[in-house]
Each structure stands twice: as structure tokens, then as C-alpha cells.
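J.: Sequence order for the protein chains is A and B. My numbering puts the first residue of the first sequence at 17, with every later residue one more than the last. My numbering puts the first residue of the second sequence at 1238, with every later residue one more than the last. The structure that follows is given in the form of C-alpha cells.
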Amino acid sequence: MSQLEFEKPILELEGKITELRNMSGDSALHISDEVGKMQSKVSKLLTATYSKLTPAQKVQVARHGDRPHFLDYVNAMVTDFTPLAGDRNFAEDQALLGGLGRFNGQSVVIMGHERGHDTDTRLKHNFGMARPEGYRKAQRLMEMADHFQIPIITLVDTAGAYPGRGAEERGQAQAIAKSIEVCLNVKVPIISVIIGEGGSGGAIAIATADRVYMLEHSIYSVISPEGCASILWRSAANAPDAAAALKLTAQDMKENKLIDGIIAEPIGGAQRHKAETIESVAVQLRAALKELTPWDPDAIKKSRAKKFLAMGRA
Amino acid sequence: MNWLTNFIRPRIRSIVGEQKDVPDNLWQKCEACEGMLFHKELKANLNVCYHCGNHLAIDVKERLAIMFDEGKYERVPTPAVPHDPLKFKDSKKYADRLKASQAKTRELDAIQIARGTIGGQKVVIAAFDFAFMGGSMGTAVGEGIVKAAETAVKDHAALIVIPASGGARMQEGALSLMQMPRSIVAVNMVKEEGLPYIVLLTNPTTGGVSASFAMVGDIHLAEPGAMIGFAGRRVIEETVRETLPKEFQTAEYLLDHGMVDMVVKRADIKETLSRLLDLLMIRTKVGGAKLGNGGKNSNTASASKNGKPSGRGPVALLKKAAPEILKKKAANATSEPNAKPANKIASR
Ligand SMILES: [Zn+2]
């Protein structure tokens, strides 16, 4: 597990607990007493720390490598998942995965950014940074969902669209723009959850949705705090200031009426409790789907347009 | 006390008017060829270098003047939006940056909307002002695009958007990100009315602007040499660790890669738009906006001689686009078969 700087006191305590547990012998009873005390201290510390994370700390938690990723969610909450590949034009992009499956007994198209969990898978999925092919595959899957009148679920977790030479050559801007347009044009419900990092255009490309939720410690931003700091403060060292100024936390996003709800994470964050986090997301998705089903195809498209048209108006 | 400076000069000034914006240097160097450019000649050449053809930035109002018929257009005011919703502050307050840009440009934000005609066709133009915070798109610019689209729909006019923007306005955080879908909702209103939506990409068009309304036009024009792309050149070079070719992300490069329909010199933009609109705006012509131009498109005729719509051509399409106009025309046609509007329909 990659370590978070601000969790240092907690991690030290957890280390001691492990050490004590490994000790054996006569003092077992005494140790279990001690372990219990330390564990309650850990949970108190976690509660205290996670109830008042700064925006900069949330950025770190949102990017934590041990958080559940797209495939973790799909494996846990979707049955009959059938991944579908390719943009029918140039390539298959493993940074943005998607396919058909059954969620809560209902046919859905589910897609999202996959960041990978170790060196091999991170490289395979390009750290969740999609190329135009990824966004064109997303368009294809959304249009298919529209054709068969199947709801769409998207899980957003990306630092942003990949800034590469080939990506530019093949029209990254157009691929994102078109993906937003397809989101706006489909006549089926789209539900999005920001499960980690909602990085700019690469995120909104699949998050122009009827309902958008954010996990409690996820972030959603127009630019990375580091990028913003290096432009506006002329130093990436000011990233924590930028993180605060950008109002990128789930709480800020809700306050500014840019998302529909926040999904609580277990104390200590999603990275400590994968299964519970996935279950909370599934509960929210079930509720949203229930609310949106059945739908009037024309009305749902109209109401989505209306929702985004209002963003920024007083 | 000097009588001349204190009395005569102010009086002269009040008579001839303050001389504003006269640059200290009456010439500048072209960034591309380093040639010397005299302001008067440069202006006469639409701010295009007369040595090498480099397209320099042009003031929005000058651009509008060279695009609309006879240089005449009407400004459409953009509705006010809440400024500085996040109370953003970096080394400077966003509120202060806004004020400084407003003072400099004498505009409320980085977009200006105008309505008029191009080649006789009704057009609404939304043009970005790069001089205003790098043409960045926040809520006010988003509102401007919405307003321009609504005006185009109301006027039954084509919409032309001219981005010149570094991307989203980060001082408005995710609110500026949301202007990406919002601007696409806006241009969709125009598309759904069957009206042309044309994008004229100018230097630069990058980031959240290129990845939204700017890349979903019916037709994409680009000015020569304009930088157009999603990610910044430096970011890409740092990511892929290679030096990119000089022509990377230029208008010509995008043309080669299939992202724009044509690269058009500034001097040819008006004529090109005029021709495109003439070819595209069949429905509105039938509807009445261009009745005087009736015979021009006779090869697309799809109405019978008495003006009654028939077939699937423009008139059938018009039914969808503007049923009330069609009804009126049909009524004209039946009650007074020789009335002018009916004849115009018949002749098409
Ligand atoms: Zn030159």
C-alpha cells in the first residue's frame, strides 16, 4: 500500500499492532488488551483525520492506488459482464473499458476509466488516461445503449485524457467533444459516479449524465492542482493552494450544485474498505436507476440538456 | 502658466476628439518572418503579414466588420452572470483580474455576439476575444454561446462561433468545466432547428474549448497557421519525451489529419462563408428570409407550380423546421396563386 504522508501517525500505530500480534508466549492476554487499546486509538485517529481532510489531502486519497477501480466495481456488482472492444476505426483503448452486463437484474452498458493496480496493469491501461479511441469506443457503446434502450452507467477515474502525439494526431479534442455530444443525445438514463479522480475533459466526456455522484473523498476538477499552480502561481509547489481554490472536493461540488449527491466512504477511505465502498456505490446506483426507470426517451434527453444548460446561471 | 497648454490644447482636444490607441511605434515585427510591418498597411491587409502571410491576431470588432455585409452588424448583449462564483484567489484575486480585463477591453467578458447578414444570409456570430484573459471559457462565455444560439434560433439564422481561447477558465473551477457540455447543448439547439452551425477556428483553440463546441460544427474552417489542439505542446513534449514537429497542431496539420474542412485565408473567409451559407440554408430561403434570391437554387426545386409543397426536398424539410411559415405560404398559394411568395416557392 502506498503511504499517505498525513496518515503517518496512524500507520505507525498500525505497524505496532502488527508487531504485537506477531509476538507470542506468556504475555498473550496482556498483549490482546494492549492491541485493543491501540486499535481504538487508530480508529479514533482515522475518524478525526478523515472527517477533516484538506482539499490537498483529498487529492492524495482520490488518487490512492488501493482504491477500488473500474474492474473491481464491475466484478463485484455486475453479472454477465461482457467487455466490448474497439472504436471500429483505429484501435482498442484499454484505458477506458466498457461493455454489457446485468446490474441489479437489469441490462446495462457500463464503462469507465481503469487505472490498473500494479506496474503491468497500469501500463496496460495507460494509468487510466484514454486516447481518442477510448472516447470513440465510449460513443459507440452509448449509441448502442441508445439503440437498444439500455441505461448507461459510467465510472470516472482519470487524471485526464492522454496528452500524447498520436492522441492529438487522431483528434483527442474532437473525440471528447463528440463524446459529450453523444452523452447529451442519447435517450436513455446515464448515471455517473466519480470514484477517484475526475480529471477535466477526459472525465466530463463520459460524465455528462442525468445523475452525477461523487465518492466522499473523490475530486472533480477542470485542471490538476499541480497544473493550475504552475500556471497561476508559477510553481507546482503551490498545488495545495490550487487544490483549495479550485473547489474540487465532492463537498464543494455539491455545494456549488454541480453534482447530485455524495456517496459516503467508510472511515479511513475507500482504499481501506473496498467491498463496503463498492456496496455503497451499488446502493446509490440502484436508487438512481429506480428513480429514472421507466423513462420517456425524449423527456430524458430534454431534461439532461436543461440540467447542463442551467450550470453557471444564478 | 502656459496659456497654450491649459487653454488651447484642451479646446483642440475637445474639438477633434482625444486621439486614442495610437501606438508609440508605428511599426512592428512579424513574429514569423521578422519583416517590418507598418500599422497602416498591416491594418489594410486585415492584420495579415504582407511579407509572409502570417495571420496576426485581429481585434474582435475589426473581425466582425470584415465578416458582415457592408461591415454592418448589431451587437447582442450577453446576460449578466454571477462573477467569481468561487471567490478564487491565486497570486491575484480573480475578481481583480476580471476588472483589469474589463477595463482593458471595455467588454464584460471574453465573448462578443453580433447579428447581421453574410452574403444576404442571416447570421449570428459569437467571437472570442483572446485579449480578455486568454479567451478562456467560464460561465459568462458559456452564457454568451447560449445567448448566441438562442438568438440564431429566434432569428432563424446560421450560427458561427469563432474561438480564440487557451481553454477553460480555471479560476471558475469545475463551473468552467461544465461549460463544455453546456456549450454543446447550446449549439445543439441550432442544429436541431436545421440551421447551420459553423466554427471558424482561430489562433489559438485549445483545451476545453477545442474539446467542446469548437469540434462539433457542421463545418470547420480554420485560419492559416492557427494552433489548434487539446493538450498543450509543452505538456505533450514532457509526456512523450520527444520534440514535436514545427507544424504540429497547426491548422494545416489538422487539415491533413481530417479535423477541419478547410484552411481559409482571412481575406477569403467572408466569401467562403457566404457561399457555404448559400448552399446550406435552403430551408430558410424557402421560408422567407431570402425570398429575393428565389431562382438561384432552382435545381433543388421540390414544390409544384402552385406553390404547394410536394416531395421530400427543402419544402418537406421546412415543414419540420418552420411549420408556421409553411402554413402561411401554403395559404398564400391556395388563396392567391399568383401572389409573389408562392411564385418564389414555385420557382425553386
Ligand atoms: Zn511575416
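C-beta atoms are modelled at their ideal positions from N, C-alpha and C, and glycine is treated no differently.
#1: So that I know if they touch, is there some Cβ in chain A lying closer than 8 Å to that of residue 1422(B)?
#2: For the region 1411–1444 of chain B, which residues have a beta carbon sitting closer than 7 Å to at least one beta carbon of chain A?
#3: As an exercise, report each continuous beta strand (DSSP E) stretch of at least 3 residues that is fully enclosed by the region 61–133 of chain A, in chain order.
#4: Flag residue 294(A) as yes if its beta-carbon sits less than 8 Å from any beta-carbon of chain B, otherwise no.
#5: For residue 287(A), I'd like the list of residues in its chain whose CB is within less than 6 Å of its CB, leaving aside the five on either flank, ordered along the chain.
#6: With respect to the beta strand (DSSP E) encompassing residue 1266(B), which residues constitute its N-terminal and C-terminal limits?
#7: For residue 1609(B), which residues in the same chain have their Cβ closer than 7 Å to its Cβ, ignoring the five residues on either side in sequence?
#8: Measure the alpha-carbon distance for residue 20(A) versus residue 1334(B) and round it to whole angstroms.
#9: Quick check on residue 106(A): buried or exposed, where buried means 16 or more other Cβ atoms within 10 Å of its Cβ?
#10: Shorter than 7 Å, the distance from the beta carbon of residue 1269(B) to the closest heavy atom of ligand 1, or not?
#11: By alpha-carbon positions, which one of 327(A), 139(A), 90(A) and 104(A) ends up nearest to residue 301(A)?
#12: Helix, strand or coil for residue 1480(B) per DSSP?
#13: Out of curiosity, what's the CA-to-CA distance linking residue 62(A) and residue 128(A)?
#14: Taking contact to mean at least 3 C-beta pairs separated by less than 8 Å, is the region 1270–1282 of chain B in contact with the region 1350–1370 of chain B?
#15: May I ask you to list the residues that DSSP assigns as paired with residue 1353(B)?
#16: Give the residues of chain B in contact with residue 11(A), contact being defined as C-beta atoms less than 7 Å apart.
#17: Tell me which residue opens and which closes the alpha helix (DSSP H) that residue 1378(B) is part of.
#18: If residue 96(A) sits next to residue 131(A), beta carbons under 8 Å apart, how far is it from one beta carbon to the other, in whole angstroms?
#19: Taking 7 Å as the cut-off, is the CB of residue 1288(B) close to at least one heavy atom of ligand 1?
#20: Going by C-alpha distance, which of 150(A), 261(A), 133(A) and 163(A) is nearest residue 219(A)?
#21: Shorter than 7 Å, the distance from the beta carbon of residue 1291(B) to the closest heavy atom of ligand 3, or not?
#22: Quick check: is the beta carbon of residue 315(A) nearer than 8 Å to any beta carbon in chain B?
#23: Along chain A, which residues have their Cβ under 7 Å away from the Cβ of residue 1325(B)?
#24: Using a Cβ-Cβ distance cut-off of 8 Å, determine whether residue 321(A) contacts chain B.
#25: Relative to chain B, which residues along the region 253–287 of chain A have a C-beta separation below 7 Å, given in chain order?
#26: Give every residue of the same chain whose Cβ lies closer than 8 Å to the Cβ of residue 1424(B), excluding the five residues on either side of it in the sequence, and list them in chain order.
#27: By DSSP, does residue 182(A) sit in helix, in strand, or in coil?
#28: Can you pull the DSSP bridge partners for residue 208(A)?
#29: Alpha carbon to alpha carbon, what distance is there between residue 284(A) and residue 60(A)?
#30: Closer than 8 Å, Cβ to Cβ, to anything on chain A: give me those residues from the region 1492–1506 of chain B, in chain order.
#31: May I ask you to check if the CB of residue 182(A) is nearer than 7 Å to at least one heavy atom of ligand 1?
#32: Going along chain A, which residues have a C-beta under 8 Å from residue 1273(B)?
#33: Would you check if the distance between the CB atom of residue 1303(B) and the CB atom of residue 1507(B) is smaller than 8 Å?
#34: If you draw a straight line from the C-alpha of residue 224(A) to the C-alpha of residue 1299(B), how long is it?
#35: Determine whether the Cβ of residue 229(A) lies closer than 8 Å to any Cβ atom of chain B.
#36: Determine which residues of the region 1375–1406 of chain B have a Cβ less than 7 Å from any Cβ of chain A, and write them out in chain order.
T.: Taking the definition as stated:
#1: Yes - at least one Cβ of chain A is within 8 Å of the one on residue 1422(B).
#2: From the region 1411–1444 of chain B, only 1411, 1412, 1413, 1414, 1415, 1416, 1417, 1418, 1419, 1421, 1422 and 1425 have a Cβ closer than 7 Å to chain A.
#3: Entirely contained in the region 61–133 of chain A, the beta strand (DSSP E) runs reaching 3 residues are, in chain order, 95–99, 112–119 and 122–129.
#4: No, residue 294(A) lies away from the interface with chain B (no Cβ there is under 8 Å from its Cβ).
#5: In chain order, 80, 82 and 83 place their CB closer than 6 Å to the CB of residue 287(A), counting only its own chain and leaving out the 5 sequence neighbours on each side.
#6: Element bounds for residue 1266(B): 1264–1266.
#7: In this structure chain B extends from 1238 to 1585, so residue 1609(B) is not present and cannot be described.
#8: Between the alpha carbons of residue 20(A) and residue 1334(B) lies a gap of roughly 36 Å.
#9: Residue 106(A) should be labelled exposed.
#10: Yes, ligand 1 has a heavy atom inside 7 Å of this Cβ.
#11: Looking at the Cα atoms, 90(A) is the closest of the given residues.
#12: Residue 1480(B): coil per DSSP, three-state reduction.
#13: Those two C-alpha atoms are separated by around 29 Å.
#14: No, the region 1270–1282 of chain B is not in contact with the region 1350–1370 of chain B.
#15: In the DSSP secondary-structure assignment, residue 1353(B) is bridged to 1360(B).
#16: Chain A is shown only over 17 to 330; residue 11(A) falls outside these bounds and no answer can be derived.
#17: Under the DSSP assignment, residue 1378(B) falls in the alpha helix (DSSP H) whose first and last residues are 1376–1392.
#18: With 8 Å as the limit, residue 96(A) and residue 131(A) do not qualify as a contact, their Cβ atoms being about 24 Å apart.
#19: Checking the Cβ of residue 1288(B) against ligand 1 gives yes.
#20: Nearest C-alpha to residue 219(A): 150(A).
#21: Ligands present in the displayed structure are limited to ligand 1, and ligand 3 is not among them.
#22: For residue 315(A), no CB of chain B lies under 8 Å from its own CB, so it is not counted at the interface with that chain.
#23: Simply 261.
#24: Taking CB atoms only, residue 321(A) has a neighbour in chain B less than 8 Å away.
#25: From the region 253–287 of chain A, only 261, 262, 263, 264, 269, 272 and 274 have a Cβ closer than 7 Å to chain B.
#26: Excluding sequence neighbours, residue 1424(B) sits near 1382, 1386, 1396, 1398, 1434, 1450, 1453 and 1454.
#27: It is helical.
#28: Beta-bridge annotation (DSSP): residue 208(A) is paired with 170(A) and 228(A).
#29: If you take the alpha carbons of residue 60(A) and residue 284(A), they lie about 10 Å apart.
#30: Against chain A - using a Cβ distance shorter than 8 Å - the residues of the region 1492–1506 of chain B are 1494, 1495 and 1496.
#31: It does not: the Cβ of residue 182(A) is nowhere closer than 7 Å to a heavy atom of ligand 1.
#32: For residue 1273(B), no chain A residue has a Cβ inside 8 Å of its Cβ, as the nearest lies near 33 Å away.
#33: Cβ atoms of residue 1303(B) and residue 1507(B): closer than 8 Å.
#34: So the alpha carbons of these two residues sit roughly 36 Å apart.
#35: No, because no Cβ of chain B sits closer than 8 Å to the Cβ of residue 229(A).
#36: Cβ contacts with chain A come from 1376, 1379, 1380, 1383 and 1405.
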